[in-house]
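Asks:
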Amino acid sequence: MRLTISAAAVLAASVPAAAQSPDFSKVEIKAEVVAPGVAVLFGAGGNIGLSYGEDGSVLIDDQFAPLTDKILAAVAGLGAKPVKYLVNTHWHYDHTGGNENLGKAGVTIFAHENVRVRMIAGSASGIAAAKPAPPAALPVVTYQNGVSFHLNGDRIDAIHTHGGHTDGDTALYWRKANVLHTGDLMMNGMGFPFIDTNSGGNARHLVHTLDQLIKVTTPQTKVIPGHGPVGTQADLIAWRGMIAQSIDLISARKAKGQTLEAVLADNPLKPMEKPKAFINAETFAKAIWASLDAKPAPAHKH
Ligand SMILES: [Zn+2]
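For the sequence shown, this note's numbering begins at 1304 and goes up steadily by one.
Here it is, written out as structure tokens:
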């Protein structure tokens, strides 16, 4: 439990002001409408997406259990109908913490099949360590490559390619509203990505996935990241470029026969590190190294 709380503090720190401790009684849920019928809710943990309109509400992620009532109040505050469906962008507890409350309230939970597998198993180590999830918290509808929601006058595509942050990442794209929710495939303005190699994350898969997401966007797309403020297609492209450049720097050294120890001693990503970064240059270099060692992702259709 102790581990979980300190890890929660780290993940909550993605919202810089919330860095100290996740005192949920003090967390305010702030709604920002990004397009007609589409909003983002900021609180503690991963940014929540919302589709609302005449057919009912769809929530994308749900932060932490103690925030469920405030989240539902923020949804109602937008004049939205009750939540019918929930999609988890991945299994991390700062995105799925409200699942049990919502599942018990009758919300149908959707996610990539690996989200369900990892929530059942839990994880004993790493930044995202978590206990096995109770049954009511688990996704009841799972998919491999994606699923589409036809409601509220739009089509929302839940897209999984190879993940990258984990092996169960979903991004959501509103075709009419032209909004993309990336989950933690993008953390806007936060330096390096978190590649959760304990959860099947892989830096090369992340670049591959970002390429697929960039293809569905336009220069006008509003991009809701997993953490940080709403961004643009240009932010998404820059984020992808920074990751690809980092991989090139590390893989070039590996190709020359350098050891991981030698690479870490040189710390070649240090000049790109942001101050007070959630993921520092060494951590990212290690994740890239592990990604280069991992087998390539299996082929699949896009
Ligand atoms: Zn995450």
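Ideal Cβ positions, reconstructed from N, Cα and C, are used throughout, including at glycine. Because the structure is a prediction, the values reported are computed rather than measured.
By the three-class DSSP mapping on this structure, what secondary structure does A1377 have?
Replies: Helix at A1377.
Asks: Listed by chain order, which residues have C-beta atoms less than 5 angstroms from any heavy atom of ligand 1?
Replies: Any residue whose Cβ sits closer than 5 angstroms to a heavy atom of ligand 1 makes the list: H1395, D1487.
Asks: List, from N- to C-terminal side, the alpha helix (DSSP H) runs of 4 residues or more that fit wholly inside the region 1337-1396.
Replies: Here the runs fully enclosed are 1371-1380.
Asks: Name the residue from P1339, L1370, K1573 whose alpha carbon lies nearest to the alpha carbon of S1328.
Replies: Selected option, being the one with the closest Cα: L1370.
Asks: Can you tell me which residues form a DSSP beta bridge with G1534?
Replies: According to DSSP, G1534 bridges with V1526.
Asks: Could you pull out every unbroken alpha helix (DSSP H) segment of at least 4 residues lying fully inside the region 1383-1471, listed in chain order?
Replies: For the region 1383-1471, whole alpha helix (DSSP H) runs of length 4 or above, ordered along the chain, are 1396-1399, 1402-1407, 1416-1424.
Asks: Using beta-carbon positions only, say whether L1563 and W1542 come within less than 7 angstroms of one another.
Replies: No, the pair does not count as a contact, with Cβ atoms beyond the cut-off.
Asks: Compare the Cα-Cα distances from I1363 to each of I1412, A1376, N1404, K1384 and report the closest residue.
Replies: I1363 has its Cα closest to that of I1412, out of I1412, A1376, N1404, K1384.
Asks: If I measure Cβ to Cβ from N1404 and keep anything under 7 angstroms in the same chain, skipping five residues before and after, which residues do I get?
Replies: If we look at N1404 and ignore the five residues flanking it on each side, its Cβ neighbours are A1368, T1371.
Asks: Would a C-beta distance cut-off of 7 angstroms place T1445 and R1419 closer than the cut-off?
Replies: Result yes, Cβ atoms of T1445 and R1419 sit closer than 7 angstroms.
Asks: Alpha carbon to alpha carbon, how far is P1442 from D1569?
Replies: Whole-angstrom Cα-Cα distance: 43 angstroms.
Asks: Within its chain, find whatever has a CB closer than 6 angstroms to the CB of G1349; leave out the 5 residues flanking it on each side and keep chain order.
Replies: Once the five neighbours on either side are set aside, the close Cβ partners of G1349 are D1364, D1397, H1398, G1529.
Asks: Could you check what DSSP says for L1266 in three-state terms: helix, strand or coil?
Replies: Here the chain covers residues 1304 to 1605 and nothing more, so residue 1266 does not appear.
Asks: Can you list, in chain order, the residues of its chain whose CB lies under 8 angstroms from that of D1499, leaving out five sequence neighbours each side?
Replies: Closer than 8 angstroms at Cβ, skipping near neighbours: H1395, G1429, I1430, A1431, H1468, T1469.
Asks: Rounded to the nearest angstrom, what separates S1489 and Y1476 at their Cα positions?
Replies: Ser is not the amino acid found at residue 1489; the sequence shown has Met there. One C-alpha to the other measures close to 14 angstroms.
Asks: Note down the Cα distance separating F1587 from P1438, rounded to an integer number of angstroms.
Replies: Computed Cα separation, rounded: 34 angstroms.
Asks: How big is the Cα-Cα spacing for D1472 and H1393?
Replies: Cα-Cα distance, rounded: 5 angstroms.
Asks: Mapping DSSP to helix, strand and coil, what is K1589?
Replies: DSSP places K1589 in helix when its eight states are reduced to three.
Asks: Pick from S1549, T1520, K1573, S1360: whose alpha carbon is nearest that of L1483?
Replies: Per the Cα distances, T1520.
Asks: Check M1575 in the structure and name its three-state DSSP category.
Replies: M1575: helix per DSSP, three-state reduction.
Asks: Using the rule of at least 16 other Cβ atoms within 10 Å of the residue's Cβ for burial, across every protein chain shown, is S1451 buried or exposed?
Replies: With fewer than 16 Cβ atoms within 10 Å of its Cβ, S1451 is classed as exposed.
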